[in-house]
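To keep things clear, I will list the structure first and then write my remarks on it.
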Amino acid sequence: MVKEVKYLAEFHKELKNDQSNLIMWCGPCKQITQFFESLPGTCPNVVFLKVNVNEAENVDQHCEFRAMPTFAFYRNWQKVQSTPGGTFLGVALLAKRLRTIRV
1 MVKEVKYLAE
11 FHKELKNDQS
21 NLIMWCGPCK
31 QITQFFESLP
41 GTCPNVVFLK
51 VNVNEAENVD
61 QHCEFRAMPT
71 FAFYRNWQKV
81 QSTPGGTFLG
91 VALLAKRLRT
101 IRV
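In UniProt numbering, the protein residues as written are 1 to 103.
As C-alpha coordinates, then:
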(Lines of atoms letter the chains of each structure in order from A and count residues from 1; the text may use other names and numbers.)
(Lines give C-alpha, C1' and ligand atoms only; values in the text may rest on other atoms or scores of the structure.)
Protein backbone atom coordinates (compact mmCIF):
# COMPACT_ATOMS: atom_id res chain seq x y z
CA MET A 1 0.00 0.00 0.00
CA VAL A 2 1.22 3.52 -0.81
CA LYS A 3 0.71 6.07 1.97
CA GLU A 4 0.15 9.72 1.12
CA VAL A 5 2.13 12.19 3.23
CA LYS A 6 0.82 15.74 3.59
CA TYR A 7 2.92 17.12 6.43
CA LEU A 8 6.57 17.13 7.38
CA ALA A 9 5.64 15.62 10.76
CA GLU A 10 4.10 12.61 8.97
CA PHE A 11 7.26 12.23 6.90
CA HIS A 12 9.40 12.31 10.06
CA LYS A 13 7.10 9.80 11.76
CA GLU A 14 7.66 7.34 8.92
CA LEU A 15 11.43 7.88 9.03
CA LYS A 16 11.50 7.17 12.78
CA ASN A 17 10.28 3.62 12.23
CA ASP A 18 13.55 1.66 12.58
CA GLN A 19 12.35 -1.08 10.26
CA SER A 20 11.25 1.27 7.50
CA ASN A 21 12.74 1.79 4.13
CA LEU A 22 11.01 4.61 2.34
CA ILE A 23 10.44 5.58 -1.21
CA MET A 24 8.59 8.80 -1.90
CA TRP A 25 6.72 9.87 -4.94
CA CYS A 26 6.14 13.49 -5.92
CA GLY A 27 2.78 14.50 -7.32
CA PRO A 28 2.34 15.17 -11.03
CA CYS A 29 3.44 11.85 -12.53
CA LYS A 30 0.12 10.49 -13.72
CA GLN A 31 1.51 8.10 -16.35
CA ILE A 32 3.53 6.09 -13.82
CA THR A 33 0.88 5.88 -11.08
CA GLN A 34 -0.23 2.29 -11.74
CA PHE A 35 3.35 1.01 -11.92
CA PHE A 36 4.36 2.85 -8.74
CA GLU A 37 1.33 1.57 -6.84
CA SER A 38 2.22 -2.02 -7.81
CA LEU A 39 5.68 -1.79 -6.19
CA PRO A 40 4.65 -2.46 -2.57
CA GLY A 41 3.63 -5.98 -3.61
CA THR A 42 7.11 -6.65 -4.98
CA CYS A 43 9.04 -5.07 -2.09
CA PRO A 44 7.29 -6.07 1.15
CA ASN A 45 10.04 -4.70 3.42
CA VAL A 46 9.69 -1.18 2.00
CA VAL A 47 7.27 1.58 3.00
CA PHE A 48 6.08 3.58 -0.01
CA LEU A 49 4.96 7.18 0.44
CA LYS A 50 3.35 9.54 -2.04
CA VAL A 51 3.99 13.25 -1.58
CA ASN A 52 1.90 15.78 -3.48
CA VAL A 53 4.16 18.84 -3.43
CA ASN A 54 1.20 21.13 -4.08
CA GLU A 55 -0.24 20.06 -0.74
CA ALA A 56 2.92 19.20 1.20
CA GLU A 57 5.38 21.92 0.26
CA ASN A 58 7.31 21.63 3.50
CA VAL A 59 8.18 17.99 2.71
CA ASP A 60 9.25 19.00 -0.79
CA GLN A 61 11.55 21.71 0.57
CA HIS A 62 12.93 19.48 3.33
CA CYS A 63 13.83 16.73 0.85
CA GLU A 64 15.21 19.22 -1.70
CA PHE A 65 13.30 17.83 -4.67
CA ARG A 66 14.41 19.65 -7.82
CA ALA A 67 12.35 17.82 -10.44
CA MET A 68 8.90 16.28 -10.55
CA PRO A 69 8.44 13.46 -10.08
CA THR A 70 11.32 12.37 -7.86
CA PHE A 71 11.66 8.92 -6.35
CA ALA A 72 13.82 8.87 -3.21
CA PHE A 73 14.99 5.99 -1.04
CA TYR A 74 15.73 6.54 2.66
CA ARG A 75 17.25 4.25 5.25
CA ASN A 76 17.86 5.23 8.88
CA TRP A 77 16.97 8.88 8.18
CA GLN A 78 19.55 9.09 5.37
CA LYS A 79 18.74 9.54 1.70
CA VAL A 80 20.41 6.59 -0.03
CA GLN A 81 19.35 7.31 -3.58
CA SER A 82 17.21 9.76 -5.49
CA THR A 83 15.93 9.23 -9.02
CA PRO A 84 14.35 12.25 -10.72
CA GLY A 85 11.99 11.79 -13.64
CA GLY A 86 9.04 9.57 -14.35
CA THR A 87 10.68 6.94 -16.53
CA PHE A 88 9.70 3.35 -15.93
CA LEU A 89 13.35 2.32 -16.34
CA GLY A 90 14.57 4.62 -13.57
CA VAL A 91 11.88 3.47 -11.16
CA ALA A 92 12.34 -0.18 -12.15
CA LEU A 93 16.08 0.04 -11.43
CA LEU A 94 15.37 1.60 -8.05
CA ALA A 95 12.79 -1.10 -7.27
CA LYS A 96 15.32 -3.79 -8.25
CA ARG A 97 17.81 -2.29 -5.81
CA LEU A 98 15.16 -2.17 -3.08
CA ARG A 99 14.47 -5.89 -3.48
CA THR A 100 18.09 -6.69 -2.57
CA ILE A 101 18.13 -4.71 0.68
CA ARG A 102 17.51 -6.69 3.85
CA VAL A 103 15.98 -5.09 6.90
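Each residue gets a CB set at the ideal place from its N, CA and C atoms; glycine is no exception.
In this text, all values refer to a predicted model and were calculated from it rather than measured experimentally.
Which residues bound the alpha helix (DSSP H) around residue i?
i	result
Pro69	Here Pro69 belongs to no alpha helix (DSSP H), and DSSP marks it neither H nor E.
Could you give the first and the last residue of the continuous beta strand (DSSP E) run that contains residue i?
i	result
Val46	Looking at the DSSP string, Val46 is not in any beta strand (DSSP E), and its letter there is neither H nor E.
Gln81	Gln78 to Pro84
Glu57	It is not in any beta strand (DSSP E) - Glu57 instead sits in the alpha helix (DSSP H) that spans Glu57 to Cys63.
Using 8 Å for Cβ pairs, my map puts residue i next to residue j. What's the rounded Cβ distance?
i	j	result
Val80	Glu37	With a Cβ gap of about 22 Å, Val80 and Glu37 do not count as contacting.
Val47	Val5	Incorrect: roughly 10 Å between the Cβ atoms, too far for contact.
Val91	Phe35	7 Å
Phe88	Ile32	7 Å
According to DSSP, residue i sits in a beta bridge with which residue or residues?
i	result
Lys16	Answer is none; Lys16 lacks a bridge partner.
Glu4	Lys50
Less than 8 Å between the beta carbons of residue i and residue j, yes or no?
i	j	result
Arg66	Pro84	yes
Cys43	Ala95	yes
Asn58	Leu15	no
Ser82	Thr100	no
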